[in-house]
Amino acid sequence: MPKIPAGIWAIASHLKTLAEVDQFVTSASAADCWCLRRPRFSTQDTLLAIQKMSLHKPLFTHAMADWAELGASGVICGAHSLPPATVKKIYPQLAVGASVHNDQEIDAALDAGVDFLVYGPIWNTPSKQDFLSARGLKQLEAVVKRSVKVIAIGGVQTADQVKQLKQCGVHGVAVLRAAQDAQLLRELSQAFNCS
0 MPKIPAGIWA IASHLKTLAE VDQFVTSASA ADCWCLRRPR FSTQDTLLAI
50 QKMSLHKPLF THAMADWAEL GASGVICGAH SLPPATVKKI YPQLAVGASV
100 HNDQEIDAAL DAGVDFLVYG PIWNTPSKQD FLSARGLKQL EAVVKRSVKV
150 IAIGGVQTAD QVKQLKQCGV HGVAVLRAAQ DAQLLRELSQ AFNCS
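Take the sequence shown: its letter number 29 is residue 28 in numbering that gives the first Met the number 0, and every next letter is one higher.
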């Protein structure tokens, strides 16, 4: 099974062109890991994006286990993807994580034997504001204590937030908006690696 990278995970979400993939590769170069989520281009371009991105960094796909097999290190299972246990059975060579938001989802993911959890949102974030409230640091600490690697996500925009998350014991911090700002991403990466 591939290693679960520690550090900053930059999420490439809803990309529409290969030119946007190139922009992401440049802006998110300071990240330790990349995730491809909900691409908006053709199957052929998705394959090219995975091949291109996986040359530079460990790459995880979101809910696309079949695509992960084509060059990614692993997959993050979501509410609308194949269940983690199924993915682990079909693709034993992949690291399998689960995107979770509450105790029921955490229990189900751990019962399925996931290799890591992506948990959040820790702070309020525009992409979740209409249906998920911030979980906060206390709830995050409880999840970290469950003895699986945790990647925290949601509303991370400052180095101080990264330091707080690291103090909670997270294995990594996933960012979406910050991945578009090369300088900010460098600051977040430095904060993770220095704390």
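Yeah, the Cβ is synthetic: ideal placement off N, Cα and C, and Gly gets one too.
What you are looking at is a predicted structure, and each value in this text was computed from that prediction instead of being measured.
According to the DSSP assignment, ARG36 belongs to the beta strand (DSSP E) that extends over 32-36. Under the DSSP assignment, GLY171 falls in the beta strand (DSSP E) whose first and last residues are 171-174. The alpha-carbon separation between TYR118 and HIS100 amounts to approximately 6 Å.
Close CB contacts of PRO57 within its chain, under the 6 Å cut and outside five residues either way in sequence, are with PRO4, CYS32, SER72 (chain order).
One thing to note: ALA84 has its Cβ within 8 Å of the Cβ of GLY112.
By alpha-carbon distance to LEU164, the top candidate from GLN50, ALA18, VAL143 is VAL143.
Secondary structure within the segment 77-134: the beta strand (DSSP E) runs of 3 or more consecutive residues, fully enclosed, are 94-99, 115-118 (chain order). Linking VAL74 to LYS2 through their CA atoms gives a straight-line distance of about 12 Å. In the DSSP assignment, THR45 falls within the unbroken alpha helix (DSSP H) covering 42-53. Counting only the Cα atoms, GLU104 lies some 22 Å from PRO91.
Following the DSSP letters along the chain, one finds LEU183 inside the alpha helix (DSSP H) bounded by residues 181-193.
Its Cα nearest to that of TRP122, the residue GLN160 stands out among LEU54, GLN160, VAL24, ALA108. The alpha-carbon of THR157 is positioned some 36 Å away from that of GLN43. Across the structure, LEU69 and THR45 are spaced so that their CA atoms are roughly 10 Å apart. Per DSSP, VAL149 lies in no alpha helix (DSSP H) segment; the continuous beta strand (DSSP E) that holds it begins and ends at 148-152.
As DSSP reads the structure, PHE59 sits in a beta bridge with CYS34, GLY73.
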